[in-house]
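Following: one structure in structure tokens, then a few remarks.
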Amino acid sequence: MSSPTTLLPEVMPFVVLPGGVQLPVLTAVAVVVITAAVLYLLSAKPKPALDPVAFTPLPLVKKESVSHDTRRFTFALPNGPNGKLGLPIGQHITLKFTDGSGKNHQRSYTPTTGDDTPGTVTFVIKVYKAGVHPKFPEGGKMSQHLDSLKVGDTVDMRGPKGHMTYHKNGKFTVHPLLKRDPDQQRAAKHFGLIAGGTGITPMLQMIHAVLRDEPTSDVTMSLLYANQSEDDILVREELEAAVKQYPGRFKLHYTLDRPPKKWAYSKGFITKEMIAEHLPAAASDGSTQVLMCGPPPMVKFACLPNLEALGFKKTDYFVF
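Numbered according to my numbering, the sequence shown spans residues 89 to 408.
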């Protein structure tokens with residue numbers, strides 16, 4: 089008995105494309121599916137390098153001295169040489185290590201690089217040595233540990249972490265400490281930045297985002313940067329290059345506790361007069377926003393009271 093014969097249609101159905109091109113239906117469907125898949129892959133956001141909960145070990149690939157007590161540490165990302173950090177602007181990363189006694193130590197830092205440097209992430213960190221400051225005889229546990237690392241050693245990291253996320257064109261979100269409170273949406277035409285010591289790192293992150301990554305924006309920035317001595321000024325060349333590169337959009341002023349002779353900037357702690365002269369004035373519509381990062385006494389005693397005396401409300405400033 090002969091097997092049944094499958095009858096094929098004598099005329100294969102076609103789809104007519106613009107221009108009169110004819111494709112069999114199955115071929116046209118395949119083209120649509122493949123095109124959709126390619127578009128999805130192109131539009132999908134790459135996976136961030138780090139997890140916000142679980143720690144991931146990152147190997148040190150480069151270590152440089154920036155000043156007598158500050159180092160630049162560069163680590164390889166776990167998602168390969170072309171991988172992106174994926175850290176939102178305004179957020180930071182938590183580093184962790186376990187000491188010889190089995191005790192865990194954690195500290196959060198803002199990297200000085202982002203998605204502009206594929207494959208790596210870099211931190212500029214001040215090393216607090218033991219036996220230098222009488223109030224902190226043991227020094228900084230994390231910074232000393234990082235300073236002891238050799239190329240190839242790893243540090244556990246996770247992120248992002250933080251209460252502020254910058255978007256674009258001066259717009260950013262402040263995430264409250266209590267999750268039950270709503271996010272605050274803010275928009276700035278002028279940013280005032282106050283930094284002390286290594287508190288410059290989140291400011292540098294913001295400067296890159298607002299100036300370098302938004303060259304056609306009219307949002308301005310003014311930085312007041314406090315340090316103990318001239319040698320303590322971090323990333324000075326980069327900051328002063330930004331003044332020249334973005335005239336009218338970026339202003340820079342320093343103050344030092346121990347300035348050298350013929351110092352062209354300010355001396356001493358940050359004052360009300362210093363803020364009034366070198367940062368944008370408070371705006372009734374909230375379009376002037378002041379961002380701060382530095383030692384807690386500087387923020388608590390030199391920044392906040394003087395900002396409030398100059399008319400800034402709590403919704404006009406943010407402390408990293």
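Glycine residues also receive a C-beta, built at the ideal position from the N, C-alpha and C atoms.
Between residue i and residue j, which are expected to be in contact by the criterion C-beta below 8 angstroms, what is the C-beta distance as a whole number of angstroms?
i	j	result
residue 242	residue 145	4 angstroms
residue 375	residue 283	With 8 angstroms as the limit, residue 375 and residue 283 do not qualify as a contact, their Cβ atoms being about 21 angstroms apart.
residue 371	residue 177	The Cβ separation is near 22 angstroms, so there is no contact.
residue 213	residue 159	6 angstroms
residue 208	residue 162	5 angstroms
residue 148	residue 237	5 angstroms
residue 343	residue 314	5 angstroms
Please classify residue i as buried or exposed, where buried requires at least 16 other C-beta atoms within 10 Å of its C-beta.
i	result
residue 320	buried
residue 290	buried
residue 156	exposed
residue 354	buried
residue 394	buried
residue 384	exposed
residue 265	exposed
residue 221	exposed
residue 279	buried
residue 153	exposed
residue 330	buried
residue 408	buried
residue 359	exposed
residue 293	buried
residue 368	buried
residue 228	buried
residue 32	Since the displayed the chain opens at 89 and closes at 408, residue 32 lies outside it and no answer follows.
Considering only DSSP beta bridges, list what residue i is partnered with.
i	result
residue 302	According to DSSP, residue 302 bridges with nothing at all.
residue 213	159
residue 338	309
residue 344	315 and 355
residue 253	261
residue 208	164
residue 218	DSSP output for residue 218 lists no bridge partner at all.
residue 275	259
I'd like the span of the beta strand (DSSP E) that includes residue i, first residue to last.
i	result
residue 243	242-249
residue 378	376-381
Check residue i in the structure and name its three-state DSSP category.
i	result
residue 152	strand
residue 259	strand
residue 280	strand
residue 288	helix
residue 403	helix
residue 180	strand
residue 297	helix
residue 394	helix
residue 355	strand
residue 316	coil
residue 116	Model confidence at residue 116 stands at a pLDDT of 49, short of 50, so the residue's coordinates are unreliable; what they give is reported in the following sentence. In the structure shown, residue 116 sits in a helix (DSSP, three-state: H, G or I).
residue 268	coil
residue 225	coil
residue 147	strand
residue 185	strand
residue 128	Low local confidence applies: a pLDDT of 41 at residue 128 is under 50, so the model's placement there is unreliable, with the coordinate-based value given in what follows. Correct three-state label for residue 128: helix.
residue 408	coil
residue 140	coil
residue 349	coil
residue 418	Here the chain comprises residues numbered 89 to 408, so residue 418 is not present and cannot be evaluated.
If I follow the unbroken alpha helix (DSSP H) through residue i, where does it start and stop?
i	result
residue 366	360-366
residue 196	From DSSP, residue 196 is part of no alpha helix (DSSP H) but of the beta strand (DSSP E) over 192-197.
residue 232	229-236
residue 332	324-333
Using beta carbons (cut-off 8 angstroms, strictly below), is residue i in contact with chain D?
i	result
residue 293	Reference to chain D is not applicable here, since this structure consists of a single protein chain.
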